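In the UniProt record's numbering, the protein residues as written are 1 to 397. Contents: one structure, followed by commentary.
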């Protein structure tokens, strides 16, 4: 493409900084490493530089609190490259440390198609602004049935879960584009649940999450094909928003054309009452001050042990409206782009051009970045680490 002389230079630079299409991240419940000190949660898929589970991140920013069998977990997202949606699973793993064994992640809901949204266009959404960390944002849906926007999902908290600490995960397999697997995790606490023994029995009865498309991982021996994916073991709770694509399982285990869920959660997404949970086990849920319907107050946070820092909520930012010029071109690789402060609204002033999307690059002796649509936003290395040859490692002593 040739440069456009009619394009506002500052606006073009802002598009370069934000990235015309950044992939999706979960922002609610608050994921590990969402903000604060680096490394930060990236929009990248799992792979050698972003290992299973959840890019290898586990720094607690905030713990979200829920009641077993009570108000659902409202899951929200940030991003714009939705790749025409896809299929996703929501799972939990017990304890305060995210387990590295995929079998330890137990599915509590599966969504076939339409996750984290639906589009009739080319697959991605228009970037309309940025979050506090400079990640691009797109339109949020006003209703669950709306298209060309990012949906909010309401995921039931099983009444059979034991009280205690868990990691909650969202895993996503995009419909179009490269064959990838995305995974974000958040620390949560469940109260009013079953006994430890009963809760463990319940977890053992659930299917483990589906794993595929992770380059260099021994736990990911298969690759899906483009299209709406149906999971071979979706569990008993979930919904079908789009019909699965024939052959989308690729080299992975074949799945049913479309699963039939004992507890279909589609109705509760529109604000209706949550469907009755499958019978089995005693009801150990507590009265959380509401009638159990969807649309209740958002989860509260819980105090952390002494010595664990919890960031305050990010200061709201005003979203910049962006008009994309199809003729705008990026500068050659390796050329820093300086953006006026008045345009970036607090973004770092320089973003470095790069060649391979999704790759980690070293920026000088003290910074690194993730290549996203031709550019990487510099981030400071954590104390005691060094970056060389596209890898971050502990500094030798």
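C-beta atoms are modelled at their ideal positions from N, C-alpha and C, and glycine is treated no differently. All of these numbers come straight from a predicted model, not from anything done at the bench.
### Query
DSSP on residue 331, reduced to helix/strand/coil?
Note on residue 331: pLDDT 43, under 50, position unreliable in the model; the coordinate value appears next. Residue 331 falls in the coil class under three-state DSSP.
### Residue range of the unbroken beta strand (DSSP E) whose run includes residue 24
Premise fails: residue 24 is in no beta strand (DSSP E) and is neither H nor E.
### Coil, strand or helix - residue 192 by DSSP
Coil, per DSSP.
### Query
From 129, 366, 147, pick the residue whose C-alpha is nearest to that of residue 85; which is it?
That would be 147, whose Cα lies nearest to the Cα of residue 85.
### Query
Do you know how far the Cα of residue 365 is from the Cα of residue 229?
Spanning the two alpha carbons is a distance of roughly 42 Å.
### Message
Between which residues of its own chain and residue 240 is the CB-CB distance below 6 Å, once the five residues before and five after are set aside?
### Response
Take residue 240, set aside five residues on each side of it, and the residues of its chain with a beta-carbon closer than 6 Å to its own are 112, 258, in chain order.
### Message
I'd like to know whether the C-beta of residue 52 is nearer than 8 Å to at least one C-beta of chain B.
### Response
Chain labels in this structure do not include chain B; a single protein chain is all it has.
#### Entry: Backbone CA spacing between residue 172 and residue 26 [nearest angstrom]
Going by C-alpha positions, residue 172 is about 10 Å away from residue 26.
### Query
Between residue 390 and the rest of its own chain, which residues show a CB-CB distance below 8 Å, the 5 nearest in sequence each way excluded?
Apart from sequence neighbours up to five positions away, the residues of its chain that approach residue 390 with a beta-carbon distance below 8 Å are 49, 359, 360, 361, 362, ordered along the chain.
### Query
Is it buried or exposed for residue 388, if we count other Cβ within 10 angstroms and need 16 for buried?
Of the other Cβ atoms in all chains shown, fewer than 16 fall within 10 Å of the Cβ of residue 388; this residue is therefore exposed.
### Query
Do you know whose CA, among 94, 203, 370, 133, lies nearest residue 34's CA?
The option with the nearest alpha carbon to residue 34 is 133.
### Message
In whole angstroms, give me the CA-to-CA distance for residue 341 and residue 47.
### Response
Confidence at residue 341 is low in this model, with a pLDDT of 37, below 50, so its placement is unreliable and the value that follows should be read with caution. Distance between the alpha carbons of residue 341 and residue 47: 34 Å.
### Task
In the DSSP assignment, find the unbroken alpha helix (DSSP H) run with residue 269 in it and report its ends.
Per DSSP, residue 269 belongs to the alpha helix (DSSP H) from 266-269.
### Query
What is the DSSP secondary structure of residue 249, reduced to helix, strand or coil?
Residue state for residue 249 is assigned as coil, using DSSP reduced to three classes.
### Message
Going by DSSP, what residue range makes up the beta strand (DSSP E) through residue 84?
### Response
Taken as a continuous stretch (DSSP letters only), residue 84 belongs to no beta strand (DSSP E), as it is neither H nor E.
### Query
Going by DSSP, which residues form a beta bridge with residue 187?
167, per the DSSP bridge assignment.
#### Entry: Where residue 123 falls: helix, strand or coil (DSSP)
Coil at residue 123, not helix or strand.
### Top-ranked residue by Cα proximity to residue 95, from 52, 164, 212
Out of 52, 164, 212, 164 has the C-alpha closest to the C-alpha of residue 95.
### C-alpha distance - residue 238 paired with residue 264, whole-angstrom precision
As the crow flies, the alpha-carbon of residue 238 is around 5 Å from that of residue 264.
### Message
Checking the sheet assignment: what are the DSSP bridge partners for residue 47?
### Response
Bridge partners of residue 47: 50.
### Message
Using DSSP's beta-bridge definition, name the partner residues of residue 208.
### Response
According to DSSP, residue 208 bridges with 106.
### Query
Skipping 5 residues on each side, what residues in its chain have a beta carbon closer than 8 Å to that of residue 486?
This structure cannot settle anything about residue 486, because the visible part of the chain is limited to 1 through 397.
#### Entry: Proximity of residue 191 and residue 65 at Cβ, strictly below 8 Å
Going by C-beta atoms, residue 191 is nearer than 8 Å to residue 65.
### Counterpart residues of residue 242 in DSSP-defined beta bridges
Residue 242 pairs with nothing; no bridge assigned.
### Task
Counting only the same chain and skipping the five closest in sequence on each side, list residues whose C-beta sits under 7 Å from that of residue 59.
For residue 59, same chain residues with a beta-carbon under 7 Å away, outside a window of 5 residues either side, are 32, 33 in chain order.
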